[in-house]
Structures are given as structure tokens and as C-alpha cells.
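A short worksheet on the structure shown next.
2 protein chains.
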Amino acid sequence: MKQVLLLVVYACAACGQVNYTRLLEAAREPRNWLTYNGGYASHHYSGLSQINAGNVKRLGIDWVFQARSLEKFETTPLVVDGVMYLTEAPNNVIALDPTNGRLFWKYEHKLPDVTYPCCGKVNRGVAILDGVIFHGTHDAKLLALDAKTGRKKWEVQVFDYKQGYSLTHAPLVLKDKVIVGVAGGELGIRGFIAAYDAKTGKELWRFKVIPEPGEPGNETWGGDSWKHGGGSIWVTGSYDPELNLTYWGTGNPGPDWNPTARPGDNLYTDSVVALDADTGKLKWHFQFTPHDGWDWDAVQVPVLADVTVRGRLRKTMLWANRNGFFYTLDRATGEFLSGKEFVKQTWASGLDDRGRPLKIPGKEPNRQGSQIWPGVQGGTNWYAPSFSPRTGLFYVTAWDDYHGTYFAWDQAYEQGKWFAGGGVKAPTPPTNREAILTRGKEHGYAAVRALDAATGKRVWDYPMRDMSESGLLTTASDLLFSGNREGHFFALDAKTGKLLWSKYLGGQVIASPITFSVNGKQYVSVAAGTSLFTFTLGQLAGN
Amino acid sequence: MKQVLLLVVYACAACGQVNYTRLLEAAREPRNWLTYNGGYASHHYSGLSQINAGNVKRLGIDWVFQARSLEKFETTPLVVDGVMYLTEAPNNVIALDPTNGRLFWKYEHKLPDVTYPCCGKVNRGVAILDGVIFHGTHDAKLLALDAKTGRKKWEVQVFDYKQGYSLTHAPLVLKDKVIVGVAGGELGIRGFIAAYDAKTGKELWRFKVIPEPGEPGNETWGGDSWKHGGGSIWVTGSYDPELNLTYWGTGNPGPDWNPTARPGDNLYTDSVVALDADTGKLKWHFQFTPHDGWDWDAVQVPVLADVTVRGRLRKTMLWANRNGFFYTLDRATGEFLSGKEFVKQTWASGLDDRGRPLKIPGKEPNRQGSQIWPGVQGGTNWYAPSFSPRTGLFYVTAWDDYHGTYFAWDQAYEQGKWFAGGGVKAPTPPTNREAILTRGKEHGYAAVRALDAATGKRVWDYPMRDMSESGLLTTASDLLFSGNREGHFFALDAKTGKLLWSKYLGGQVIASPITFSVNGKQYVSVAAGTSLFTFTLGQLAGN
Chain Y
1 MKQVLLLVVY ACAACGQVNY TRLLEAAREP RNWLTYNGGY ASHHYSGLSQ
51 INAGNVKRLG IDWVFQARSL EKFETTPLVV DGVMYLTEAP NNVIALDPTN
101 GRLFWKYEHK LPDVTYPCCG KVNRGVAILD GVIFHGTHDA KLLALDAKTG
151 RKKWEVQVFD YKQGYSLTHA PLVLKDKVIV GVAGGELGIR GFIAAYDAKT
201 GKELWRFKVI PEPGEPGNET WGGDSWKHGG GSIWVTGSYD PELNLTYWGT
251 GNPGPDWNPT ARPGDNLYTD SVVALDADTG KLKWHFQFTP HDGWDWDAVQ
301 VPVLADVTVR GRLRKTMLWA NRNGFFYTLD RATGEFLSGK EFVKQTWASG
351 LDDRGRPLKI PGKEPNRQGS QIWPGVQGGT NWYAPSFSPR TGLFYVTAWD
401 DYHGTYFAWD QAYEQGKWFA GGGVKAPTPP TNREAILTRG KEHGYAAVRA
451 LDAATGKRVW DYPMRDMSES GLLTTASDLL FSGNREGHFF ALDAKTGKLL
501 WSKYLGGQVI ASPITFSVNG KQYVSVAAGT SLFTFTLGQL AGN
Chain E
1 MKQVLLLVVY ACAACGQVNY TRLLEAAREP RNWLTYNGGY ASHHYSGLSQ
51 INAGNVKRLG IDWVFQARSL EKFETTPLVV DGVMYLTEAP NNVIALDPTN
101 GRLFWKYEHK LPDVTYPCCG KVNRGVAILD GVIFHGTHDA KLLALDAKTG
151 RKKWEVQVFD YKQGYSLTHA PLVLKDKVIV GVAGGELGIR GFIAAYDAKT
201 GKELWRFKVI PEPGEPGNET WGGDSWKHGG GSIWVTGSYD PELNLTYWGT
251 GNPGPDWNPT ARPGDNLYTD SVVALDADTG KLKWHFQFTP HDGWDWDAVQ
301 VPVLADVTVR GRLRKTMLWA NRNGFFYTLD RATGEFLSGK EFVKQTWASG
351 LDDRGRPLKI PGKEPNRQGS QIWPGVQGGT NWYAPSFSPR TGLFYVTAWD
401 DYHGTYFAWD QAYEQGKWFA GGGVKAPTPP TNREAILTRG KEHGYAAVRA
451 LDAATGKRVW DYPMRDMSES GLLTTASDLL FSGNREGHFF ALDAKTGKLL
501 WSKYLGGQVI ASPITFSVNG KQYVSVAAGT SLFTFTLGQL AGN
């Protein structure tokens, strides 16, 4: 063997031919990772089990993809029939060989000089349907790319990006539709979710997160406050094909920290909305944080699982919210089944019978600063939780014992300008070892937390010294994979939370791990720092 | 074990206490990597042998350091008594734990907005002496940092950076001196090598690569051409303590491609100079490419080895030059012992008895373009070669069957401006798989090449499809480590060139690998892309 570089000829006759049926039955092909959230129910769970508690210590880095970007690397790849699709910030789409990292193609989207990202020119991934890759951009376009070549098939302008709109999440495809929402909650946008014809890019429906005058819900906005009400969409929703409902978490109201500027509940911000997948009509909604003053986007992944609650098997939705509470909802009706705080919180005395928080007066942001738990990053955030049908547990990356001091001030809206109406003094999560070492209690800590899906009761806890913005992955071998901000990637026993293995990757994990299998060999991939690392079981001695 | 982040308390009482005696005897402590070139003789050879041909297949990535820079990552770390020191472009110095990558300290040098790098704001490493780290910067400063804390002890301005001067290589320390040279060969500088007092930063001597009027050698520059004659220094030299000579390779004359603008041999460009280490006085010189028109810097690492040449053991210097010839010199006198082309070259019919090239007329750059072999990157370049005292072989990263078309034009010097007097049309080395696949002969190829040290005769060859800018490392277990531009890092059998192991790192290797040992465990480190990867032998199954 005289040449290190063994070139693989890229010849997949039916490249990326994932039809809707395959997406519906994604759990039947755990060798692939077909949607951002690992299937319509968004379990971030894989049926693969080759890597298990007995051999995970042999897990090693098989290959590395290095992004040419110093932006936060938030991508969750797809793997489809021997091709991995991922995004590189800001808006490049890459197809490569998931067994060795070699590039098949790269699509580079040219952005205008100025776009309006809230928090970095990040991107979280793509969707695939019938040989086409779908990707949202910072200039608020939805792109359709040929999965085999990366060539653009069509693009549509979802909204005028100059008004602060952008697309950062992976689209959701279902039936013949591509569904996306718009980011820009700190820029005075009015969020919406829209469906496009996957073949043509034609818009099919649009759901407005901020109802306009005359529409139900607009009455929850005092005065003209609805005009720049926020309610952004920046994490991919879920879908229940039997109910034909698609579920999306919505962002904070705007301006973030000055709720007195927008009297009322501010629907449908900080909510989950259940939309008819064919029409975009609202079937039900559940608002986690009415009249939010703390920037607690409900942009969590809606986890759909059938769970026995008080003796009755229910079609539930499991939701650990940025506001610090875990909720079990009936996903057919939106009925609140149970709720419980999963981290320290000091803003509500509890939830009422319908799940509405019982706010403690005087906790809202003000001129002097109001200190409450949790801090601005919330009890959790957008990082994907996981549900394992094997353990029946809901797993979440939690930030506990973590507070912030919230300030409010008056602010007028200006197009393209930051429109937050306040600020937060947070104990900055430390990024270097010395600071972490001396941090102590006042900065809080992150934990991977296993909750009883019906009650939110804690089953086990894996606290870390460092914070974590990593998503979670569970497998049929009862492993749980996650990472943290310092740059560790690790595997826990999903039944007990025991640490089984870890690897230092030198860059923060702000993404969700996935697993897949090619030619009978299981791989695990995760983005950390500016690289995507792919792991396999190492060789035995002598092999 | 409940916390992934295990913080190691950094408590080395005698941090970085490497005195001159230890540097002289660096080969006695192969657990460390004490100088950029792996000892004063610059063998890039390690006495470690735990990782060997029998187990190298188990080599896996142990930890990763990710640089916060998209610049070329050309660092070669030092490892000293449990601390690794490396540089991050442009001029940050980092100390970390070589067993897990955790940061001890980071020194960030603030550069002016405008500096004058020729080819990226790169940096290649540091030197250490008596608890102090030495580092050269793009604004042409030499810094001394406390090895334990990273705090600056002193800095000196080596030259006015606004005139195109910068420091990019790792300093060389010997006795009580720190020796550096200046880069800027494409910016009309006049190169020099200078020694500074390690304790105070006081300049002790300076050797001018471009002699001034009245100095020997100035007569090799027609007219005023000496004024911007180039002769930069950008790779760390070597040292023979018995002869008390320090050897440095010098860069191309300026303007690069218009030799008619500078009649004469243009001393001491494209040469190796042997300097008295105490005074900086020139003991001897050997010019590889007199009156160079092709940008063939002699910035290779001077490899010092005692080799039997024609039956007699000689103190030799081994040198595979960018001009395509391999030279064996007597390092005490500069006597030419033997020379032989090691890649295809078409500019000289050979070397005369004193090693001077017999140039073929009409090959120099001109208005129409002159096509010759090798191309502008040369038959090799600055990437460290290796010499193994076990095999007696000299190893080099060679670019073979590789050509360029060289153009010349008149150009006036302007301060801070590119001053090259021409250009080169090169078959751009391909960077993506498709191009590599279809490249064919016309682009040439890279190879790791093993040469007989006395004759330059090829002993074995490891050709690659991709190009390589990687340095080499050999070990006492007869392994040779190198990488390539596509992002592979690999191990060959140093005796036969057989490929034993490789790993895809996703970013080009433009650095030299090192090896070291901590607590009896051998590690190998190499920079690739924007990360430094450190490898160890993987665990056996069941461990």
C-alpha cells in the first residue's frame, strides 16, 4: 500500500433518496440519522447497540472534519445511505463520506456583507427529502440543494433579512413540505413558521407567532407592542403523523427584558404551538412563561413519547423548559398533565392546575436589577434532550443553582438594531481551568439529568464542574452521549448516570451527538470546537 | 467518578528549568522534546521506542488542542518535564498539560493592526532556557516569558517591523544566548541573525546575511542591489558545541525572480552560514544556489551527523535543498563532500567539484515565462527532515516531478510592499479530492524519501498522491511519522518505507511531529489543520 490517500469514488446512484415513508419509519433504519432530531418524535435515540457499556472504553476518534470557521459549530449532521450531510458556519453545506471524512461536495452560500444574527452566524443543520437537501440561511433564504452534487435547485426568500430575520435551524420536512421558522427575537421581528412545497419552494402556509390585530391572541399584547413582539423560531420542531400535528417551540417576547412595555400574556411567545401540518392552523398551544421578562425562549425540542401518567397511557409531549420547569403535556390536546421544577428557580411558587406559573411578585427585571434563579441561559436551553424508550427516562442538560440579575429599561424599536429592553448581569460561565476551579457555588453547574417522564422526578444526576451546552443522545445499548463546554465528550450509563468513558476534544460541544452505522460498524459523531469528531471502537491488540 | 473535568493542579516547583547542560545532552532525556529541531544536531529523532511497528496500529488520538485561529498552524511544540509549550498564530504562547491538553497558561501578544508577513501570520515555536520561554513575533520582537506563568520578563525590538521585518521561527538557545533571524525575503529586507543575552535581552552580536559596502561578499551584488537583498531567516538553525559553530540556512535574494536586477552571486543568500556562536563571526559558508532566480531559500534545517563518506568518518552536514539537490558537507570547514539531485530538476546539468551548480543557460525567469523543474515550492522546503542514527538514513519530504513557469519583470522597491520582481505560474497543488484524483503527472507528487546520508542515493521511497508540507520524525523503534496536505498523519517503517498506520485528521499537516513520554507512556503530537493532536497507544480490549 503505497499511497495514504485512498480516493473513494462517489457513486451513489440513488443518492439521498429518502422519501416520506422512510422518514416516518426512521426508527427502522438506525444505521442512518435521517432528521435533525433523530425522527419525528425527536427522541435523539438510536436503535444501535454495537457500542455498549462493555466496549465503550475502546471508543476512539476515527476521523476528524475541521471547519474553516471560528463560529460556534452547532451542526447536527444527517447520515443517509453512506453520505453525511452537515453545515459549516455560516451557511456552507457539506457532503462527505461518514466512514473517513472525505469530502464529496461543498456548497458555499454567499451572504451579504451585513446580516443580523442574534448570537453568532451559527447554523444547526439540514433536512433531506427525495434527493434534496434543505437549508436555511442568515439572509433568510431557504435553499434546496441536489443531494448528489450540492447544486442549488431552488431558493426562496423567506422574509426580508434586513428587518432582522434569519434562519438558523435545520428545516423539518414532512409529506411534501419543508417547514422553517425565523430567528431574530432580539431584533424586534415577528416570528412565524412557514411551509414550502419541497419540489418548487412555493409557500403553502404560514403561522404567525405574533397574532395581528383582529386575530385571536392579539389581545394579549397591550397597545402596539405586538408589532415587534419577537416569538422567534430557531430550533427544529417535531411531528406526530397520526395526529397530523407539527409542534414548535417559540421564542421570547420582545423586548426581552422589559415586560411592562408589552402588557398581557404575549401569545404565542414562550409557547409550544401544535399546528395542522397541512394547513398551518393552530390546533392548540401551551404557554410556558406568560408575559416573560427573562428571555426564556421555549425553543426546546418537543419530545413526543407515549407515557403512562397516573395509570393511563397518554400521548405526551415532554418538555424541560428554559424557565426551569419540566412539563408533561397531552400532545393531542395540549392538556397539562404534570409539571415540576427540574433546577433551582425563584421566580414562581409553582404551577397551577393548568400548568400556568404562579409568579412571585417583584421578580421581574427593573432598573436596579432583580436577582433570580435560573439565570438568562435558563434551566436548560436549545440543546436537544433525549428520551429512551428502553429506560422510559427523559434526559436533559440542566443548568442548576444558576442565577442572573435582570435589568429593564425603556427602548424604542429601530430596524436592524438590538431590541432587548434591558440586560442581564450573569455569573459568566468560566471558560478556563483556573476560573472553573475557583468558581464555587455562585456560578451554578451543569448536569445531565434523568427525569421520570410522567412526573419530572429526578432519577439520577450527572453533575459537572463545567457548564454544558451539549445535546444528548441515547442508544439501544443504554448509553448516553454528551459533551460539555470545556471540551469533553463522554458516555454515561443511561440507567444509572455512571461515567463510562470520556475524551477531551479541546473545544466546546454546542451540538448534539448522533450515531450511525456503515457496513455493520457503528460510529458516533459530535461537533466540538471547530471540528466534527467521528468515533468508532478501536482495534483489538494484534489486529 | 462524578465529574468529567478533573482539574490538575499546576505545581511544578522547578518549571522549565532546562539549563544549557540539559540542552547539550537532550538525547539523554528522550521523554522530553527540548528544542524545536529535537536537539542541537537537528535530527528530529527520538530515543523513545514504546510505540513500535508491532503496536502502532493501536495508536489513537488521546486529546486535542484546538487553536482559535484559521492561520496555518506550523507549530512544533516543546515538552519539558510534564509541560507542553506551543504557539498559536499569530503570536500566542500556550503552556498545557501534555497528558490531557488542559491549559496551564496562555500568553497573548498584541500585534499592531498592520504587520508584514510574507505568507500568513504563522509561527513555528519557542525555545526554553532556565525557566524562560523565548518567542519571536510578527512585529519583530523577541519576547522572554516566565515558563511557569507566561508572564513577560522582557522584550526587545529586533528590527523595525514597518520595513517588512518579522520573526516567525522558533529561537535557538545555546549557552546564555538566544539566537533569532528575521523574515521578510519578499519585502526587500536585509536578513540578519542576532544573538541576545537570555537574561536581559541585550544584543550580543549580529551577522548580516547581506554584506554592506566594504564588507566581504558585498562585491557579489551589482550596483545598489544589496540594499534590498533579502536573505531572510525563517527556520531554526543548528549548533555543534564541539566546533562552537551555529548553522543557519538563509533565504532567497530579493527581488526573488528578477536576478538580472542583482548581478553576481548574491552572498550570503541561499546559503548555509557557519557562525562562531560566541561572536557571530562567519567561519565558512556554502551557497547552494548562486544568483538564484527561482526563490529557492535555503531555509532547510541543518542536519548534523557523523557519516562515513568514501571510507572516512566525517563530521557532516546533510542538506536536501529547495533547489532539488542533496548535499553532504563537512560541517567543520564547509567542504563539499558529495551532492546529487533528489528530485527531478532541469535547471542545472549537475554540480561541480566544489558543489556549485552547473547552470543550464536560458532557464532563468523572463518575460515570457521559463518552465523548469522543480517548481517554486522546490524539491523540498522548510519542513524538517530527519536523520536516524539507527538506520543511518536521511529522510526528507520531497516534491518530485513538479515544475513551475517563472516570470521576471522590473520592479522598484517600496517600503512594506511585495518586492519579488516576477511571479510563478505553478500547477496549483490540488486541495480537493476530485482535483487530486484527476491531477496526473503534470502536478507532480510528494514523497517521503530515504537517502543514503553519504551519497544521496535513494534507499526507499513513499510516494503520495497528495502533496505534503509535513516535517518528519523518526524514533528508536524505527518508525517514521509524517503527514500530508490532505490531512493524513501516518507512520512508516523507517527501514523500508512501508506504511504501518494512518489517521485522517481533516486538516493539512504543515508542521513537524514530535514524541515525548510522561510517566512511562509515550505520546506523539502533530499540528494538523487548526488543531494539535496527541496520540497514544489505545487500550487493549477489556482494559
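As given, the protein sequences belong to chains Y and E, one line each in that order.
Taking my numbering, I'd label the letters of the first sequence as residues 1 to 543.
Taking my numbering, I'd label the letters of the second sequence as residues 1 to 543.
C-beta: ideal position from N, C-alpha, C; glycine also.
Secondary structure remark: continuous beta strand (DSSP E) runs of at least 3 residues inside the region 4–66 of chain E, in chain order: 59–66.
Annotation: the continuous beta strand (DSSP E) that includes residue 339 of chain Y extends over 336–341.
Not one beta carbon of chain Y lies nearer than 7 Å to the beta carbon of residue 514 of chain E. In the structure shown, residue 218 of chain Y adopts helical secondary structure according to DSSP, grouped into three states.
Within the model, the alpha-carbon separation for residue 34 of chain E versus residue 418 of chain E is close to 36 Å. Secondary structure at residue 345 of chain E: coil, using DSSP grouped into helix, strand and coil.
The beta carbons of residue 165 of chain E and residue 144 of chain E sit no closer together than 7 Å. Chain E places no beta carbon closer than 7 Å to that of residue 86 of chain Y, leaving this residue out of the contacts. When C-beta atoms of the region 259–270 of chain Y are compared with those of the region 222–236 of chain Y, three or more pairs fall below 8 Å, so the two segments count as touching. Chain Y places no beta carbon closer than 7 Å to that of residue 537 of chain E, leaving this residue out of the contacts. In the DSSP assignment, residue 531 of chain Y falls within the beta strand (DSSP E) that extends over 531–537. In terms of beta-carbon proximity, residue 288 of chain E stays away from the interface with chain Y, with every pair separated by 7 Å or more.
In this structure the region 494–509 of chain E lies against the region 43–60 of chain E, because at least three pairs of beta carbons, one per stretch, are closer than 8 Å. Using beta-carbon distances, residue 480 of chain Y does not count as an interface residue toward chain E, since no partner is under 7 Å. Under the three-state reduction of DSSP output, residue 403 of chain Y falls in the coil class, being neither helix nor strand.
Using a CB distance cut-off of 7 Å, residue 61 of chain Y counts as an interface residue toward chain E. Taking the beta carbon of residue 65 of chain Y as reference, the chain E residues within 8 Å of it are 506, listed in sequence order.
Taking a 10 Å sphere around the C-beta of residue 265 of chain E, we find 16 or more other C-beta atoms and assign the residue as buried. Per the DSSP secondary-structure output, residue 357 of chain E pairs in a beta bridge with E/351. At a cut-off of 7 Å between C-beta atoms, residue 220 of chain Y does not count as an interface residue with respect to chain E. Nearest CB-CB separation between residue 530 of chain Y and chain E: below the 7 Å threshold. Assigned with DSSP and collapsed to three states, residue 148 of chain Y falls in coil, not helix or strand. Annotated as distal: residue 491 of chain Y and residue 505 of chain Y, with beta-carbon spacing of 7 Å or more. In the structure shown, the three-state DSSP call for residue 291 of chain Y is coil. For residue 101 of chain Y, the closest Cβ of chain E is nearer than 7 Å. Judged by their CB atoms, residue 15 of chain Y and residue 148 of chain Y are nearer to each other than the 7 Å cut-off.
Counting other Cβ atoms within 10 Å of its Cβ, residue 320 of chain Y reaches 16 or more and is therefore classed as buried.
Beta-bridge annotation (DSSP): residue 197 of chain E is paired with E/177. Within 7 Å of the CB of residue 68 of chain E, the CB atoms of chain Y belong to 70, in sequence order along the chain.
Cβ atoms of residue 177 of chain Y and residue 142 of chain Y stay farther apart than 8 Å, at about 12 Å. The secondary-structure analysis by DSSP pairs residue 84 of chain E across a beta bridge with E/79, E/96. Comparing C-alpha distances from residue 38 of chain Y to each of Y/201, Y/53, Y/22 shows the shortest one belongs to Y/22. The secondary-structure analysis by DSSP pairs residue 238 of chain Y across a beta bridge with Y/247. Within the same chain, 65, 83, 84, 86, 102, 103, 104 come within 8 Å of residue 96 of chain Y by CB-CB distance, once the 5 residues on both sides are set aside.
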